[in-house]
Amino acid sequence: MKSEQANRMEPPELVTELLIGPDGQVLAHNLTPAFAALLRELNPDDEQMLERSSAERSGTGPEQDHD
Numbered sequence: 528m529k530s531e532q533a534n535r536m537e538p539p540e541l542v543t544e545l546l547i548g549p550d551g552q553v554l555a556h557n558l559t560p561a562f563a564a565l566l567r568e569l570n571p572d573d574e575q576m577l578e579r580s581s582a583e584r585s586g587t588g589p590e591q592d593h594d
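Residue numbering for the sequence shown follows the working numbering, starting at 528 and increasing by one per position.
Quick look at the structure:
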């Protein structure tokens, strides 16, 4: 029997998976616009995250497998 929690899982488009490596490298999967903005706030000098955050907001960026 499935638990209630398993039945209430969020839709995949609302889930971002994040891995921060020991060297500080950030890998993200299914990066949402809100999470991209958060990561940009944490490191505003990261040009790659700035590009991804901007692409996510404009709808022109890849939808999955950001790393």
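Heads up, the beta-carbon is just placed ideally off N, CA and C, and yes, glycines get one too.
Report all residues from its chain with a CB closer than 8 Å to the CB of residue i; omit the five preceding and five following residues, and keep chain order.
i	result
Asp572	none
Provide the residue(s) that pair with residue i in DSSP beta bridges, ordered along the chain.
i	result
Glu544	His556
I'd like the list of long-range same chain contacts for residue i, defined as Cβ closer than 6 Å, with 5 residues on each side in sequence excluded.
i	result
Leu566	Met576
Is DSSP giving residue i helix, strand or coil here?
i	result
Gln591	For Gln591, the predicted model reports a pLDDT of 44, less than 50, meaning its position is unreliable and no value from the coordinates is stated.
Can you list, in chain order, the residues of its chain with a C-beta nearer than 7 Å to that of residue i? Leave out the 5 residues immediately preceding and following it.
i	result
Ala564	Ser580
Asn570	Met576
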